[in-house]
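Chemist: Top line first, the protein sequences correspond to chains S and L. Numbered per my numbering, the first sequence spans residues 800 to 1000. Numbered per my numbering, the second sequence spans residues 800 to 1000. Shown below is the structure under consideration.
Number of protein chains: 2
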Amino acid sequence: MAVTVIAYHPAMGRWEPNARGRLARAAMTLYAEQGFEGTTTAQIAQLAGLTERTFFRNFADKREVLFYGVGVAQELLTRTIAEAPAPATPMDAVSAAIEAMCAAFQEHPERVRQRDAIISANAELQERNLTKHSELAAAMASALRDRGVPDPAASLTAETGIAVYRVAFARWIKEPGQPDLPVIFRNAMAELRGELSTAPI
Amino acid sequence: MAVTVIAYHPAMGRWEPNARGRLARAAMTLYAEQGFEGTTTAQIAQLAGLTERTFFRNFADKREVLFYGVGVAQELLTRTIAEAPAPATPMDAVSAAIEAMCAAFQEHPERVRQRDAIISANAELQERNLTKHSELAAAMASALRDRGVPDPAASLTAETGIAVYRVAFARWIKEPGQPDLPVIFRNAMAELRGELSTAPI
Chain S
800 MAVTVIAYHP AMGRWEPNAR GRLARAAMTL YAEQGFEGTT TAQIAQLAGL
850 TERTFFRNFA DKREVLFYGV GVAQELLTRT IAEAPAPATP MDAVSAAIEA
900 MCAAFQEHPE RVRQRDAIIS ANAELQERNL TKHSELAAAM ASALRDRGVP
950 DPAASLTAET GIAVYRVAFA RWIKEPGQPD LPVIFRNAMA ELRGELSTAP
1000 I
Chain L
800 MAVTVIAYHP AMGRWEPNAR GRLARAAMTL YAEQGFEGTT TAQIAQLAGL
850 TERTFFRNFA DKREVLFYGV GVAQELLTRT IAEAPAPATP MDAVSAAIEA
900 MCAAFQEHPE RVRQRDAIIS ANAELQERNL TKHSELAAAM ASALRDRGVP
950 DPAASLTAET GIAVYRVAFA RWIKEPGQPD LPVIFRNAMA ELRGELSTAP
1000 I
């Protein structure tokens, strides 16, 4: 029998399936409608049909709920690196991982843009976002080390991959429509490879 | 006649030469002795021989005072890029700029290590530090655009340069002594160039 460990706990008053997801969706709706500052955790819990106590059992604060999906992204990144075919270079593995993450984002472009608009409007959220990027880079470096890539190569390729992703994401936000995020990322990575070989100012 | 615009303002009760520098040094001393959380702005002002009002005229909060030197670093980075010789590639210019910053840090290794220990012990300071890195990357990208480097090349090389710097700095912190920070950075940049050309996992 499958047991949903996170969603059910004996101490909880009632069964709350996917409380985290419901809270995250409710928070996104309220942040978009009335702004991040103007929204309380009580309002988020109410819209999700849950108690404020349940909110704090699932998220440390109002900021963390916006980064609900980062755990999923991290899992995708590390799994892609773990499963990269043997002849791949470390940067090939990192590129494939980030491209997979970009493809996942591209499936819900409006949601990703809405979330970015909320983050961009608040300095604290921007700082938290940078921390999450840093954590994703660290997770990829760790996945590379698990495959036998030594440091500093593991850290260098992971941090550089995230740096290229940041540039690609900013470009995608600025220019809605075509091309898709995975294509922008792939082109940016190709451009960086070119920049590191030739091209005087 | 030279006028020191920042240090003197008619609204100030008395002349306070280099108030910012004095406050920054006092803050570093207290943060190292009694921790960041345990230090108040009143204590910092007192140790610097200034009023708390003067503290807040110079810094927005307790965090910002730790990043006093970032403005100087940014000026060094952008000036080095502006003065890079014509045949330099964008990444050569970025590398030279960051190496100059590393050399400046290497002149006061104990101060830089002490500051890093304070930042590493506090999650909020780590987030602010990431923001400052992001600002340095944006300033370098802007300096490159001023030299006619188009985007995304300007952003890509600037963000990648900072990514490599972060890896090099972490290594320098972890391994006290030799080699010096500029050498670690130069080697890391050479290694990244290598990673982007060959080397299967």
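Every residue gets a Cβ at the ideal spot worked out from N, C-alpha and C, and that includes glycine.
Using three-state DSSP, classify residue 857/L as helix, strand or coil.
Modeler: Your numbering for residue 857/L matches position 58 in the second sequence. Three-state DSSP puts residue 857/L in a helix.
Chemist: What residues from the region 971-993 of chain L come within 7 Å of chain S, judged by C-beta to C-beta, listed N to C?
Modeler: 987, 990, 991 and 992
Chemist: Please confirm whether any heavy atom of the ligand HEM lies closer than 7 Å to the CB of residue 973/L.
Modeler: This structure lacks the ligand HEM, and indeed carries no ligand of any kind.
Chemist: Could you pull out every residue in the same chain whose Cβ sits closer than 6 Å to the Cβ of residue 812/S, ignoring the five residues on either side in sequence?
Modeler: The count along the first sequence starts at 1 and reaches residue 812/S at position 13. For residue 812/S, the predicted structure reports a pLDDT of 46, less than 50, and the residue's modelled location is therefore unreliable. The matter cannot be settled from this model.
Chemist: Under 8 Å, Cβ to Cβ, is there at least one residue of chain L near residue 952/S?
Modeler: The residue you call residue 952/S lines up with position 153 of the first sequence. At least one CB atom of chain L sits nearer than 8 Å to the CB of residue 952/S.
Chemist: Provide the residue span of the alpha helix (DSSP H) that contains residue 960/S, from first to last.
Modeler: Position 161 of the first sequence, counted from the start, is the residue given in the question as residue 960/S. Unbroken alpha helix (DSSP H) run through residue 960/S: 952-973.
Chemist: Examine the Cβ distances between the region 933-952 of chain L and the region 976-993 of chain L and report whether three or more of them are shorter than 8 Å.
Modeler: no
Chemist: Since I believe residue 967/L is in contact with residue 983/L (beta carbons under 8 Å), could you give me their beta-carbon distance rounded to a whole number of angstroms?
Modeler: Start at 1 with the first residue of the second sequence, and residue 983/L comes out as number 184. Start at 1 with the first residue of the second sequence, and residue 967/L comes out as number 168. Right, their Cβ atoms sit about 5 Å apart.
Chemist: Hey, does residue 822/S have any beta-carbon neighbour from chain L nearer than 8 Å?
Modeler: For the purposes of this step, residue 822/S is taken as residue 23 along the first sequence, with counting starting at 1. Chain L contact via Cβ: absent.
Chemist: With 16 other CB atoms within 10 Å as the buried threshold, where does residue 945/L fall?
Modeler: Indexing the second sequence from 1 puts residue 945/L at position 146. It is exposed - the Cβ of residue 945/L has fewer than 16 other Cβ atoms within 10 Å.
Chemist: Is residue 865/L closer than 8 Å to residue 897/L when the C-beta atoms are compared?
Modeler: Counted from its first residue, the second sequence places residue 897/L at position 98. Counted from its first residue, the second sequence places residue 865/L at position 66. Not closer than 8 Å, so no.
Chemist: By Cβ distance, which residues of its chain are closer than 8 Å to residue 862/L, with the 5 residues on each side in sequence left out?
Modeler: Locating residue 862/L in the second sequence gives position 63, counting from the first residue. Excluding sequence neighbours, residue 862/L sits near 923, 924 and 927.
Chemist: Between residue 991/S and residue 959/L, how many whole angstroms is the CB-CB distance? I'm expecting something under 8 Å.
Modeler: Counted from its first residue, the first sequence places residue 991/S at position 192. Counted from its first residue, the second sequence places residue 959/L at position 160. About 6 Å; that satisfies the 8 Å criterion.
Chemist: If the criterion is Cβ atoms closer than 8 Å, does the pair residue 842/S and residue 822/S meet it?
Modeler: Stepping through the first sequence from its first residue, residue 842/S is reached at position 43. Stepping through the first sequence from its first residue, residue 822/S is reached at position 23. Residue 822/S sits away from residue 842/S, with the two beta carbons spaced by 8 Å or more.
Chemist: Just how far apart, CA to CA, sit residue 989/L and residue 929/L?
Modeler: As a working mapping, residue 989/L is identified with position 190 in the second sequence. As a working mapping, residue 929/L is identified with position 130 in the second sequence. Straight-line Cα distance between these residues: approximately 24 Å.
Chemist: Please list, in chain order, all residues of the same chain as residue 894/S whose beta carbon is under 6 Å from its beta carbon, the five residues on each side excluded.
Modeler: Position 95 of the first sequence holds residue 894/S. 988.
Chemist: Please report the straight-line C-alpha distance between residue 816/L and residue 859/L, rounded to a whole angstrom.
Modeler: To locate residue 816/L, count along the second sequence from 1; it is residue 17. To locate residue 859/L, count along the second sequence from 1; it is residue 60. Spanning the two alpha carbons is a distance of roughly 19 Å.
Chemist: Kindly list the residues whose CB is nearer than 7 Å to the CB of residue 804/S, restricted to its own chain and excluding five residues on each side of it in sequence; keep chain order.
Modeler: Against the first sequence, residue 804/S aligns to sequence position 5. With a pLDDT of only 40 at residue 804/S, under 50, the local geometry of the prediction cannot be trusted, and the value read off the model is given with reservation. Closer than 7 Å at the Cβ level, and outside the excluded window around residue 804/S, lies no residue.
Chemist: Within the same chain, show all residues whose beta-carbon is closer than 8 Å to that of residue 996/L, passing over the 5 residues directly before and after it, in chain order.
Modeler: In the second sequence, residue 996/L corresponds to position 197, counting from 1. There are no such residues.
Chemist: On the criterion of 16 or more Cβ atoms from any shown chain inside 10 Å, does residue 931/S qualify as buried, or is it exposed?
Modeler: Numbered from its first residue, the first sequence carries residue 931/S at position 132. Counting Cβ neighbours within 10 Å, residue 931/S comes out buried, since at least 16 surround it.
Chemist: Within a Cβ cutoff of 6 Å, which residues of the same chain sit near residue 831/S, ignoring the five residues on either side of it in sequence?
Modeler: One-based indexing of the first sequence puts residue 831/S at position 32. Only 913 meet the Cβ criterion.
Chemist: Could you give the residue range of the alpha helix (DSSP H) that holds residue 898/S?
Modeler: Indexing the first sequence from 1 puts residue 898/S at position 99. That run of the alpha helix (DSSP H) goes 889-905.
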